[in-house]
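Worksheet: one structure, shown below.
What follows is the structure, encoded as structure tokens:
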């Protein structure tokens with residue numbers, strides 16, 4: 211298997227994870243994409259010109275350097291073709307082609323629950339997060355979160371304190387601890403779970419990375435719990451990703467007069483999330499799902515052991531049948547706010563500030579919406595510059 215070709219494709223400028231997934235459907239492997247010339251790529255009417263220009267650049271030096279660095283730092287590189295790649299994540303429309311992993315990914319069949327919320331959490335939010343995460347972990351669930359300050363970090367921490375497994379999904383490289391205050395927590399997660407990222411080692415925690423990584427938190431999880439989130443919170447982007455991926459969404463109700471509860475209360479009011487008052491409310495939804503009270507990864511399920519595997523030198527990607535037709539269709543149904551921002555960019559709003567002025571949205575709102583549009587290949591961003599595709 212050529213990891214160099216996987217990394218080359220995964221980090222092509224101008225190629226989103228959705229674009230890479232469609233290329234793998236079209237060509238079957240990263241090596242086949244590598245072999246494709248400009249004329250062959252141009253035949254793909256859905257592939258934008260910037261992606262074509264990027265894909266005809268045939269250089270592996272950066273990929274080779276990254277692999278050498280990962281080997282020296284004990285960072286595992288897991289591709290979509292690997293058996294250890296998480297099954298749930300593999301089935302979302304835009305899975306990361308490559309995951310960088312420190313630690314050990316839990317067995318795919320284990321019940322994973324995402325828990326996210328605001329960084330500026332209240333004492334109530336932290337207390338509820340600790341209580342829910344601890345009880346879910348004691349019941350054998352894997353807790354998936356983002357290791358951020360506030361709710362996310364508490365979810366990861368409580369899972370460890372009660373003997374559970376946890377996954378931290380970073381918006382930086384796995385060798386970059388963000389926030390710096392969580393260095394000790396990060397090291398504990400590596401021992402009793404996994405720290406993962408789709409961003410290359412050394413990548414800084416840029417603001418743009420966090421909304422993008424949120425789809426991984428929901429993609430890894432059977433369901434996602436939003437504990438505390440004001441309106442326009444990044445946690446609500448995770449809830450949106452979960453709904454688009456067909457995941458369950460749960461929300462903890464809060465004080466009607468507190469901003470941190472506006473987002474979660476709205477989710478419940480709109481029927482987008484089930485109300486949660488205890489861990490049992492979540493566990494009841496997954497009766498019959500294997501939940502094992504152990505840190506030891508389980509053997510591969512028999513169905514996976516019997517699956518025919520390609521020869522070692524090949525990297526043919528097996529895309530689930532249920533996903534193939536979806537990849538051939540538009541992946542994203544625009545909401546009113548997304549459509550408004552997209553219309554503004556199409557009308558000439560060529561920057562984040564211009565889009566904010568044209569729509570009346572705040573800069574933070576525009577950032578979140580543009581991120582979603584970019585993930586679905588509707589908008590291209592270069593720094594603060596925007597272009598409709």
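Numbering (the numbering used here), first residue to last: 211 to 599. We treat Cβ as the ideally placed atom computed from N, Cα and C, and that holds for glycine. The model shown is predicted, which means the values in this text are computed figures rather than measured ones.
Nearest-angstrom Cβ-Cβ length linking residue i and residue j, presumed shorter than 8 angstroms
i: residue 369; j: residue 396; result: Going by Cβ atoms, the distance from residue 369 to residue 396 rounds to 14 angstroms, so no, they are not a contact pair.
i: residue 277; j: residue 262; result: Not really, about 26 angstroms apart at Cβ, beyond 8 angstroms.
i: residue 566; j: residue 557; result: About 14 angstroms separates the two Cβ atoms, so there is no contact after all.
i: residue 589; j: residue 597; result: 7 angstroms
i: residue 207; j: residue 314; result: Summary: the structure shown does not reach residue 207, with the chain confined to residues 211 through 599, and so no result is reported for it.
i: residue 428; j: residue 328; result: 17 angstroms between Cβ atoms; not a contact.
i: residue 458; j: residue 481; result: Their Cβ separation, rounded to whole angstroms, is 13 angstroms, which puts residue 458 and residue 481 out of contact at 8 angstroms.
i: residue 406; j: residue 311; result: 5 angstroms
i: residue 569; j: residue 418; result: About 19 angstroms; that fails the 8 angstroms criterion.
i: residue 551; j: residue 577; result: At roughly 10 angstroms, the Cβ-Cβ gap does not stay under 8 angstroms, so residue 551 and residue 577 are not in contact.
i: residue 385; j: residue 285; result: 7 angstroms
Cutoff 6 angstroms; reference residue i; Cβ partners in own chain excluding five residues on either side
i: residue 218; result: 270 and 273
i: residue 351; result: 321 and 323
i: residue 344; result: 368 and 372
i: residue 514; result: Legend: pLDDT at residue 514 = 31, less than 50; position of this residue unreliable, value from coordinates given subsequently. Excluding residues within five positions, none has a Cβ falling inside 6 angstroms.
i: residue 280; result: 287
i: residue 398; result: 370
i: residue 471; result: 464 and 465
i: residue 295; result: 288
Neighbourhood of residue i by C-beta distance below 8 angstroms, restricted to the same chain and skipping five residues each side
i: residue 244; result: 215, 218, 219 and 268
i: residue 248; result: 262 and 266
i: residue 225; result: 219, 233, 261, 264 and 265
i: residue 213; result: 273, 277, 287 and 289
i: residue 466; result: 475
i: residue 504; result: Confidence at residue 504 is low in this model, with a pLDDT of 39, below 50, so its placement is unreliable and no value can be given for it.
i: residue 496; result: 321, 432 and 433
Contacting residues, own chain, Cβ-Cβ under 7 angstroms from residue i (five flanking each side not counted)
i: residue 237; result: 243 and 246
i: residue 230; result: 219, 220 and 307
i: residue 547; result: 579
i: residue 451; result: 424, 425 and 428
i: residue 252; result: 262
i: residue 353; result: 323, 325, 343, 346, 347, 365, 366, 369, 374 and 376
i: residue 478; result: 461, 463 and 485
i: residue 591; result: 580 and 584
i: residue 337; result: none
Burial state of residue i (16 or more Cβ within 10 Å)
i: residue 374; result: buried
i: residue 195; result: An answer regarding residue 195 cannot be provided, because it is not within the stretch 211 to 599 covered by the chain.
i: residue 300; result: buried
i: residue 222; result: buried
i: residue 431; result: buried
i: residue 332; result: buried
i: residue 319; result: buried
i: residue 488; result: exposed
i: residue 394; result: exposed
i: residue 449; result: buried
i: residue 456; result: exposed
i: residue 293; result: exposed
i: residue 335; result: buried
i: residue 545; result: exposed
i: residue 523; result: In this predicted model, residue 523 has a pLDDT of only 42, less than 50, meaning its place in the structure is not dependable enough to derive any value.
i: residue 518; result: Model confidence at residue 518 stands at a pLDDT of 35, short of 50, so the residue's coordinates are unreliable and nothing is read from them.
i: residue 255; result: exposed
i: residue 239; result: buried
Candidates the options, of which the one nearest residue i by Cα
i: residue 420; options: 287, 555 and 383; result: 383
i: residue 490; options: 417, 479, 564 and 346; result: 346
i: residue 297; options: 385, 312, 317 and 280; result: 317
i: residue 291; options: 275, 241, 425 and 251; result: 241
i: residue 460; options: 545, 554, 494 and 568; result: 494
i: residue 372; options: 434, 353, 348 and 325; result: 348
i: residue 326; options: 551, 365, 400 and 599; result: 365
i: residue 400; options: 481, 239, 560 and 283; result: 283
i: residue 380; options: 415, 254, 367 and 398; result: 415
i: residue 462; options: 448, 497, 342 and 454; result: 342
i: residue 483; options: 330, 454, 469 and 362; result: 454
i: residue 575; options: 468, 599 and 446; result: 446
i: residue 468; options: 402, 330, 309 and 257; result: 330
Closer than 6 angstroms: residue i CB and nearest the ligand HEM heavy atom
i: residue 484; result: The ligand HEM is absent from the structure shown, which contains no ligands of any kind.
Open item on the list: Between the region 438-447 and the region 409-416, can you find at least three pairs of beta-carbon atoms closer than 8 angstroms?
Closed with: Verdict: no, contact absent.
Task: Contact the region 387-402 vs the region 343-363: 3+ CB pairs below 8 angstroms - done: With a cut-off of 8 angstroms, the region 343-363 and the region 387-402 count as touching, because enough Cβ pairs lie within range.
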